[in-house]
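Chains as they are written, first to last, in the numbering used here: chain A, 1 to 267; chain B, 1001 to 1537; chain C, 2001 to 2320.
All C-beta atoms, glycine included, are put in the ideal place defined by N, C-alpha and C.
Fair warning: this is a prediction, and the values are worked out from it, not measured in the lab.
What follows is a set of notes on a single structure, which appears directly below.
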Amino acid sequence: MKKTSVIILSGVVILFLVSWLVKGASLSGEENPYLQGFLTTFAAFLTLAVFSFLYRDNPFYKFAEHLFVGASAAYWMTLGFWQTLVKKLIPKLSDGLANFFEVPTEEHSYWYFLPVILGLLLLMRLSKKGGWLSRWPLAFIVGYTAGINFVGYLRSDFVKQVSSTFVPLLIDWQGVGHFFSNFSLAIDGQFVMMLANVVIFVGVLCGLVYFFFSKEHTGLFGTASRVGIWILMITFGASFGYTVMGRISLLVGRLTFLFKDWLGLIS
Amino acid sequence: MTYLLRVLLTLALLTGTAVFAQGEPPAVDTTLVDTTTVAPPAPVTGLTGKDRDNDHGHAIELTWTPSVDDLENPSGARSVLRYRIMMWKPTEAYRVDTLRQMYDMVRSNYAPIRVYKPLVDSALILIDQGMVDVSALPFEVLLPEGINRTDAPAEMMKYVRKALQDTLAAMTAQVDISKDSVKVFRSNFLAAVESLPEAFNANGPSSGHGAWDSVGAEVPGATFFRHAGSKEEVSPDFLPDYADLYYRVDAATSDPAVYTASDVCGPVQASGQWYNSGRTVVLISVIIFTILTVVFVQQARRGKELYVRPLAGIEAVDDAIGRATEMGKPILYVLGLGAASDIATIASFTILSRVAKRVAEYQTQLIVPTYDPIVMTVAQEVVKSSYLDAGRPDDYNEDIVYFVTQSQFAYVAAVNGVMLRQLPATNVYMGKFYAESLILAETGALAGSIQIAGTDEIAQIPFFVVACDYTLIGEELYAASAYLGGEPVLLGSLKAQDYAKALFVVCAVAGFLTLILADATGAHWLAQFKQWFMVAD
Amino acid sequence: MMFDSPMLLLLTAGSGATVGTYIGLAIIVLGLLALLYTSIKAIEVDRRIVFLFIFVAVSIPILFPITFEEKATPVVKRIFDKIESLPEGSRILLSFDFDPAMAPEVQPMADAVMRHALAKNHRVIFMSLWATGQGLLDRTMQRILPNEFPDKVDGVDFASVGYTAGNEGVLNVIVSDFKKMFPSDANSIPLDSLPVFNRFSSCKDLDLVVTFGGGKPGAKEWVLFVGDKANVPVAVGVAAVVAPQMYPYFPNQVLGIMGGIKGAAEYESELIKHYPQFAEQPTPGMVMMGPQTLAHIVIIAFIVFGNVAYFFGRRREEKP
């Protein structure tokens, strides 16, 4: 270990201990103040450890990352066991086991042995010889998902979207004179609504043309395709903007935690 | 939540249901008319009823002409304030209601007992065996004022024991509740339900065996009511299928005693349909799309040339390999975080195969760090066979494709390291990408590599667009793979999708034009076109 | 302090602001000017400087709160109006399909909609398609129900069925038979004995579904497998990242969209406008719009500077 590493590490440890003690003392009215103090300090430490990656990769970040990966893997595994196996499967098969796990018993249904068998076959993946057996449950999963999604997507993303594209070009139309005399840029005004409908219609059409692979994009087709890519780019821009907003929100959430729950700077 | 509280809640519910189960006697209408306040209004006319189409049964639709004295009709007396929809219920149906209530009560009382009785039983055994630690019980015990947890454990246990016994006694005192009695009540009830259609058919209003029952109400001016019953026998709104139902609509006034009944309509029967015509358009779309896919896949299998337009991103790959050769720098190929079964990853394998072949021909260096062990195995096979195809099997070595880690950001860190240390001339990202997309593409851009990306993760495309030189957007990735690989299934489904898109465009334009024409010419039948695309529930 | 529009923020900061805001804004403005100078001079700016700016821009409004007046846009207002116009006692299902990572964005929406639905005396059913959502759901209920709605009774005015495994498969079942997937509520009490579920068999008996989330399964799955299938109005509150993907479904397949913290802030402002009793409660959405706005202004400034530097750089290349 280098000398600077030792200095940094001991500095962090001292800060951690100080924060723990101070936090614990400030929570003295509550139950287990020092445990609470430790948890808050540890959470703050992990937040800062992850933030430190912005400066550069370092052991603190790595520690936080590995802790997260390990804890979440364990969490999902336990959850899978209790929520799926214990809660959904065991009451359907055995009263004795249900009582052992303290879950309410249910009417037995031996159909549930089928998923048990499929689940065990899925585990055959771990064996070199019987690995091919895991393809059967996989085929079941793929087939089931494809079937359900096929109809669902066709209804929601095709048929219903077709009818959503049928938008009237003229809204509340009472002649050109009326249009200009009542012209407004309000979000629910006639002009904006009509413009929105035109954008929807042209956007859908040109976007589809861009993703049409059976014809070379030349001439009028090429123009429509270029409009299509412009519209896609505008959509990506909007998407980008939304993402920035989302990420800033997450940062605000973390900073609020640091300032409020840890440092107590704001109430 | 404490178990004891729940037990108390159960007790409260138990008493509640018992009171509720006393039942109300069937109300029999008397046509008492008090003429001193409001004159009886004119009746509803033309009442007709029919089964509701495209449903699972158990629903009847009624239509009628409002009374002349409807509030909404300015030329009448305007005394009708609402319409009461009445259905004839034979005496047997009221008996079924009572049986249902009894079964309901027994069942809902049994359910919590089934859960909590074993707990209480085992706790009693523990206490009898001399356990004095209250916190070892499988539930939390609320102690009354004055009794302390630590002062006299034995004394306190006595109290807990008595409380549990009392609770248990209260739970079972009201009715004999066991698994068997639930079964008995259930079978009695179901037998009665089974005979219900017969009872309805035999006892119409003319027989006098029964009474009119209100099933709903409508506002003035209404001409339509849907009596949607439940298909569940245990539901109080259960409406039997294939039973003769009779309806009547009362024109009601402000005085509850003053109303006029319409003529009785019926018998009508509710029934379910096998085919929901409201969803025909979905069926047609499924058929069309399936046919298109099958036909094009078959054509591709038979070797028919299916044209796919060249994609800028793919042509750029060839140029980029050339550039890398000139510069003497490697090419980095990233397959993303997808599993080997993801379509995006499969498409990526095809593109990798092409890239590897070119690399082998030009004798450039290729680096393929992978995230998933299975993806790694497949990628190794792909690259190996590409080198073989290019006639340079000796140049292939196992280290071209290697496994890094299955932790998202650790993988990214490793790949970023490769980018910054080996400074590849070209980075290709094809497959499934998540939050790491921008980190990868940004580092690559900083390192000055030419970057080509493609993913079907819509949320990540914007990041690739800003940071890469070429991006295959969504479906273009599949198209690229079909274009390069010529795999019949991919090519066929790509073609089928193209035709589906063309169909979409045609329908959308037709719908748009019909709406404009309907507006311009006043021919509103044109606007009906839109109705074809409406999916009913 | 209160501003009418973000642009006024910089103008009025000097007059009515607290000292902290004033100093903070001054730091940011001076920093940005310095950055503009370096960009024009074509001096490479370390990316960590950018992070530092964002950190300052976000921290200052958290430490010295700035709030803006929000006005609900039609996409958000439609959700509010729907809950407002449903008759009392209507059944509304709120699905918590998010995890702690998404919570800063989505939790404020969930709080606001939950308050609204309960204040309007609707019967509210809570559930979660995400295992991690159940914990958040429980905490939300514990935080809001006993304090703000002490007279609401579990099982009568609301009920939580919690989480069940199965992802979108769950939706496929509950659309036709709710009790098959959720035989009992989160406290293991059978649904049949709860008044909330009287005369309730499937999602078709719901008057409105509001899903809060941003991942899979989430908003899209609710639309595909419940909204469109059972013709139940579905409103969505989603993390900003997925909001653009929900717009194609608006307004025919999705009743309304709350996108990111802005959507939450709009809903909160509408709620306080109609129900002043909630003005005392925290409005994290509106509070978070302060840092949000300042950060956006800084980012816009970066984009402008980047382009200015780019054009200056090009001129410099052309000159020699």
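Original post:
What does Tyr55 (chain A) reach in chain C if we use C-beta pairs closer than 8 Å?
Top reply: Think of a sphere of 8 Å around the beta carbon of Tyr55 (chain A): the chain C residues whose beta carbon falls inside it are Arg2048, in chain order.
Original post:
Mind checking Arg2048 (chain C): buried by the 16 CB within 10 Å criterion, or exposed?
Top reply: Exposed, since its Cβ has fewer than 16 Cβ neighbours within 10 Å.
**OP:** Say whether the region 182 to 196 of chain A touches the region 2270 to 2285 of chain C, bearing in mind that this needs 3 or more beta-carbon pairs closer than 8 Å, one atom from each stretch.
**Re:** Too few Cβ pairs lie closer than 8 Å, so no.
**OP:** Could you tell me if Thr1031 (chain B) is buried or exposed, where buried requires 16 or more neighbouring beta carbons within 10 angstroms of its beta carbon?
**Re:** Any reading at Thr1031 (chain B) needs caution, since the residue's pLDDT is 48, under 50, leaving its predicted position unreliable; the model's value is listed next. Answer is exposed; the Cβ neighbour count stays below 16.
Original post:
When the Cα atoms are used, what is the spatial distance from Ser1067 (chain B) to Ser2085 (chain C)?
Top reply: Rounded to whole angstroms, the gap between the alpha carbons of Ser1067 (chain B) and Ser2085 (chain C) is 29 Å.
Subject >> chain B contacts made by the region 207 to 226 of chain A, where a contact means CB separation under 7 Å >> reply: Flagged, chain order: Leu208, Phe211, Phe212, Phe213, Ser214, Lys215, Glu216 and His217.
Subject >> Three or more C-beta pairs below 8 Å linking the region 1438 to 1457 of chain B and the region 1325 to 1345 of chain B >> reply: With the cut-off at 8 Å, the region 1438 to 1457 of chain B and the region 1325 to 1345 of chain B touch.
Subject >> Contact residues within the region 1458 to 1485 of chain B, judged by C-beta distance below 8 Å to chain C >> reply: In summary, the residues of the region 1458 to 1485 of chain B whose CB is separated from some CB of chain C by less than 8 Å are Ile1458 and Ala1459, in the order they occur in the chain.
**OP:** Under 8 Å by Cβ, that's how I've got Val2236 (chain C) and Ile2257 (chain C) pegged, so tell me the actual separation to the nearest angstrom.
**Re:** Val2236 (chain C) to Ile2257 (chain C), Cβ: 6 Å. Contact.
Subject >> Segment limits, beta strand (DSSP E) that includes Thr1426 (chain B) >> reply: Looking at the DSSP string, the run of the beta strand (DSSP E) that includes Thr1426 (chain B) is Thr1426 to Lys1432.
Original post:
Is the shortest distance between the beta-carbon of Gln2245 (chain C) and the beta-carbons of chain B less than 8 Å?
Top reply: Any Cβ of chain B closer than 8 Å to the Cβ of Gln2245 (chain C) would place that residue at the interface, and such an atom is present.
Subject >> Per-residue contacts from Ser239 (chain A) into chain B (C-beta, under 9 Å) >> reply: Residues of chain B with a Cβ closer than 9 Å to the Cβ of Ser239 (chain A) are, in chain order, Ile1458, Ala1459, Ile1461 and Pro1462.
Original post:
The alpha helix (DSSP H) with His2296 (chain C) in it runs from where to where?
Top reply: Element bounds for His2296 (chain C): Pro2284 to Glu2318.
Original post:
Just reading off the beta strand (DSSP E) that Asp1051 (chain B) is part of, what are its end residues?
Top reply: Thr1045 to Asp1051 is the span of the beta strand (DSSP E), which, as asked, contains Asp1051 (chain B).
Original post:
Would a check of beta-carbon distances place Pro2217 (chain C) closer than 8 Å to chain A?
Top reply: Taking Cβ atoms only, chain A never reaches closer than 8 Å to Pro2217 (chain C), which makes this a no.
Original post:
Between the region 149 to 162 of chain A and chain C, which residues of the former have CB atoms less than 9 Å from a CB of the latter, in chain order?
Top reply: Here the close residues are Asn149, Gly152, Tyr153, Arg155, Ser156, Asp157, Lys160 and Gln161.
Subject >> chain F residues whose Cβ lies nearer than 7 Å to that of Pro168 (chain A) >> reply: Among the chains of the structure shown, chain F does not appear; the protein chains present are A, B and C.
Subject >> Outcome for Ile2303 (chain C) when other beta-carbon atoms lying within 10 angstroms are tallied against a minimum of 16 >> reply: With fewer than 16 neighbouring CB atoms inside 10 Å of its own CB, Ile2303 (chain C) falls in the exposed class.
Subject >> Three-way DSSP call (helix, strand, coil) for Val2234 (chain C) in this model >> reply: It is a strand residue.
**OP:** Give every residue of the same chain whose Cβ lies closer than 8 Å to the Cβ of Ser2202 (chain C), excluding the five residues on either side of it in the sequence, and list them in chain order.
**Re:** Excluding positions up to five away in sequence, the list reads Ile2174, Val2175, Ser2176, Asp2177, Phe2178 and Ala2230.
**OP:** Just the chain B side, please: which residues come within less than 9 Å of Arg2199 (chain C) by C-beta, in chain order?
**Re:** Correct list: Ser1230, Ser1235, Pro1236 and Asp1237.
Original post:
Is there at least one Cβ from chain B nearer than 8 Å to Leu232 (chain A)'s Cβ?
Top reply: Taking 8 Å as the CB threshold, Leu232 (chain A) lines the interface with chain B.
Original post:
Thinking C-alpha only, which one of A:Ala64, A:Leu208 and A:Gly80 is nearest Phe158 (chain A)?
Top reply: If we check each option's Cα against that of Phe158 (chain A), A:Leu208 comes out closest.
**OP:** Using a Cβ cut-off of 8 Å (strictly closer), state whether Thr1031 (chain B) contacts chain A.
**Re:** For Thr1031 (chain B), the predicted model reports a pLDDT of 48, less than 50, meaning its position is unreliable and no value from the coordinates is stated.
Original post:
Is Lys1158 (chain B) helix, strand or coil when you go by DSSP?
Top reply: Lys1158 (chain B): helix per DSSP, three-state reduction.
Subject >> Residue-chain proximity (Val2241 (chain C), chain B), Cβ-Cβ < 8 Å >> reply: Yes - at least one Cβ of chain B is within 8 Å of the one on Val2241 (chain C).
Subject >> Pro1240 (chain B) - DSSP class collapsed to helix/strand/coil >> reply: In the displayed model, Pro1240 (chain B) falls within coil according to three-state DSSP, outside both helix and strand.
**OP:** Tell me, please, whether the CB atom of Leu1420 (chain B) is closer than 8 Å to any CB atom in chain A?
**Re:** Not one chain A Cβ lies under 8 Å of Leu1420 (chain B).
Subject >> C-beta atoms of Pro1090 (chain B) and Gly1272 (chain B) nearer than 8 Å >> reply: The answer is no: Cβ separation not under 8 Å.
Subject >> Where Val2223 (chain C) meets chain A, residues with beta-carbon distance less than 9 Å >> reply: Within chain A, the residues near Val2223 (chain C) are Ser156.
**OP:** Let me know if Ser1285 (chain B) comes out buried or exposed under the rule of 16 or more other beta-carbons within 10 Å of its beta-carbon.
**Re:** A residue is called buried when at least 16 other Cβ atoms come within 10 angstroms of its Cβ; Ser1285 (chain B) meets this threshold and is buried.
Subject >> 8 Å Cβ cut-off: residues of chain A touching Tyr1371 (chain B) >> reply: Going along chain A, no residue has its Cβ under 8 Å from Tyr1371 (chain B), so there is no contact; the nearest lies around 14 Å.
Original post:
Within 7 Å: the Cβ of Leu2032 (chain C) and any heavy atom of the ligand HEM?
Top reply: Here there are no bound small molecules, and the ligand HEM is not part of this structure.
Original post:
DSSP state of Gly2162 (chain C), grouped into three classes?
Top reply: Residue state, collapsed to three classes: strand.
Subject >> Rounded C-alpha distance that separates Gln1448 (chain B) from Phe1349 (chain B) >> reply: A quick correction: the sequence has Gly, not Gln, at residue 1448 (chain B). Each residue's alpha carbon lies about 25 Å from the other.
**OP:** State yes or no: is the beta carbon of Tyr2310 (chain C) nearer than 8 Å to at least one beta carbon in chain A?
**Re:** Not closer than 8 Å to any Cβ of chain A, the Cβ of Tyr2310 (chain C) fails to qualify, so no.
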